[in-house]
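Below is one structure, written out as structure tokens; the observations come after it.
Numbering (our numbering), first residue to last: -5 to 230.
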């Protein structure tokens, strides 16, 4: 498929790996989930998933427990979830999801990353139609389970599509079915590796290797910011 394809794939894998292994971000997701639905993962599906994702990245148990406790601490920081949208080098579209205790600081930082790369933020909502927000569940595909049968069984849980590679499967649904889809996997006893809400580009674009170098420089700056939880682009 060529060097450009391999570069894009490696770049995207590097970004996701970099994002998912940062324990402070995983901890923040756990704290937000615990604040929203309570500290008991058995009664809080969002928290259960956040813990599961953290464990998938080998986050220590003590870190996970501390993140849950922070949600109910009297002096706990108050985080809010905010999104920013922008156009970066060579017209790449970028959707940035944040969790911050200071939106003034966060928007100033994000704006500077775009500006320094020759891009700019766009009004909130401008890129919503360019991405589809999906629930994505990565799971261990049991050898004794037929993919087509599994698809039929998960339709009632909102499943839209399943992809299977050599080892694992990926289930996709509209973001509104995140809870029902993850619960369906639990009920079936199929091990879930991680589950996330992702923004998938409706019209992904191919960029040259030279263009990708410029784009990656900006994305690296954005993802190094402690307030950033996830970054999505329209890179193919």
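Think of the CB as a built atom: it goes at the ideal place given N, C-alpha and C, for glycine as much as any other residue. None of the values given here were measured: they were computed from a predicted structure.
Would you kindly work out how many angstroms separate the C-alpha atoms of residue i and residue j, rounded to a whole number?
i	j	result
residue 95	residue 177	31 Å
residue 67	residue 21	15 Å
residue -1	residue 65	With a pLDDT of 49 at residue -1, under the threshold of 50, the predicted position of this residue should be treated as unreliable, though the coordinate-derived value follows. Looking at the two C-alpha atoms, the distance is approximately 42 Å.
residue 23	residue 149	28 Å
residue 112	residue 174	42 Å
residue 144	residue 88	34 Å
residue 79	residue 146	36 Å
residue 100	residue 214	16 Å
residue 185	residue 34	20 Å
residue 73	residue 97	9 Å
residue 120	residue 81	10 Å
residue 129	residue 189	7 Å
residue 200	residue 71	41 Å
residue 43	residue 223	15 Å
residue -5	residue 122	With a pLDDT of 41 at residue -5, under the threshold of 50, the predicted position of this residue should be treated as unreliable, though the coordinate-derived value follows. C-alpha separation (whole angstroms): 30 Å.
residue 37	residue 77	28 Å
residue 116	residue 136	44 Å
Taking all protein chains shown into account, do 16 or more other C-beta atoms lie within 10 angstroms of the C-beta of residue i, making it buried, or fewer, making it exposed?
i	result
residue 56	exposed
residue 158	exposed
residue 104	buried
residue 166	buried
Considering Cα atoms alone, identify which of the options is closest to residue i.
i	options	result
residue 164	171, 153, 107 and 173	153
residue 138	126, 170 and 182	182
residue 179	18, 30, 29 and 46	46
residue 53	42, 136, 38 and 18	18
residue 171	151, 156, 160 and 155	151
Can you name the residues that DSSP bridges to residue i?
i	result
residue 227	88
residue 163	133 and 158
residue 192	128
residue 168	128
residue 94	74
residue 41	Paired residues: none, contrary to the question.
residue 60	The partner list for residue 60 (beta bridge, DSSP) is empty, contrary to what the question assumes.
residue 222	92
Since residue i is in the beta strand (DSSP E), which residue starts that stretch and which ends it?
i	result
residue 79	74 to 81
Hey, could you find the ends of the alpha helix (DSSP H) residue i is sitting in?
i	result
residue 139	Taken as a continuous stretch (DSSP letters only), residue 139 belongs to no alpha helix (DSSP H), as it is neither H nor E.
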